[in-house]
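S.K.:
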Amino acid sequence: MKRRTALASLCLIPITSGCVMNNREARLARVAIGNFSSSAVSFEIQIFESESTVYDESMRIEPNSDDAVTVPSFVIEEDLPSEPGAYRIEYGISGSSLEEFDFSNSIDTDCGQVHIDIREADRTEIFVSDSCDTI
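In structure tokens:
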């Protein structure tokens with residue numbers, strides 16, 4: 014029985030080590046926040062590199078309308094550090110608890126962008142583009 018236990022524990026090492034070793038430093042080129050909801054929102058975002066705050070902002074984003082060609086948004090680009098780092102983002106609707114997103118564990122390239130979409134009922138969606146090219 015001891016041999017089986019030892020073999021089973023060896024099988025788990027590659028699985029868990031892959032999860033731990035995914036953390037990489039990458040350049041955060043752009044953060045875009047779009048309001049797809051029908052009401053204006055107050056939004057908060059904080060960006061950290063390790064434990065240092067590199068960006069902290071509260072903003073009001075106007076509502077989306079059915080006839081709008083572009084979605085009301087707020088873009089953070091110029092104020093971001095130009096060097097790669099271990100970036101973490103805390104974000105959310107003002108007055109509610111902030112959500113946390115680890116950019117470094119979510120990217121497979123040296124540079125990327127984060128897109129945060131605000132939906133109805135103050136629901137947010139976040140995704141990453143593995144490219145520095147703006148879309």
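Per this note's numbering, residue 14 is the first one in the sequence shown, and the count goes up by one each step. Where a beta carbon is used, it is the ideal one built from N, C-alpha and C, also for glycine.
Report the rounded CA-to-CA distance for aspartate 155 versus proline 97, giving the unit in angstroms.
M.R.: Only positions 14 to 148 of the chain appear in the structure, and residue 155 is not among them; the question remains open.
S.K.: Does the count of Cβ pairs from the region 137-144 and the region 75-90 closer than 8 angstroms reach three?
M.R.: no
S.K.: If you drop the 5 nearest sequence neighbours on each side, which residues of the same chain put their C-beta closer than 7 angstroms to that of serine 107?
M.R.: Ser55, Phe56, Glu57 and Ser71
S.K.: Which same chain residues, not among the five before or five after valine 33, have their C-beta less than 8 angstroms away from its C-beta?
M.R.: Bear in mind that a pLDDT of 43 at valine 33, under 50, signals an unreliable position, so the model cannot answer this.
S.K.: Among residues of its own chain, excluding the 5 on either side of arginine 101, which ones have a beta-carbon nearer than 6 angstroms to its beta-carbon?
M.R.: Phe61 and Asp115
S.K.: Just how far apart, CA to CA, sit glutamine 59 and aspartate 79?
M.R.: 30 angstroms
S.K.: From the DSSP secondary-structure annotation, give me the bridge partner or partners of threonine 137.
M.R.: Ile131
S.K.: If I'm right that serine 129 touches isoleucine 74 with Cβ under 8 angstroms, what's the distance once you round it to whole angstroms?
M.R.: It is isoleucine, not serine, that sits at residue 129 in the sequence shown. Wrong, their Cβ atoms sit about 10 angstroms apart, outside the cutoff.
S.K.: What did DSSP end up calling serine 63 once you bin it into helix, strand or coil?
M.R.: coil
S.K.: Under the three-state reduction of DSSP, which class applies to phenylalanine 114: helix, strand or coil?
M.R.: In this structure, DSSP gives phenylalanine 114 an extended state, which the three-state scheme calls strand.
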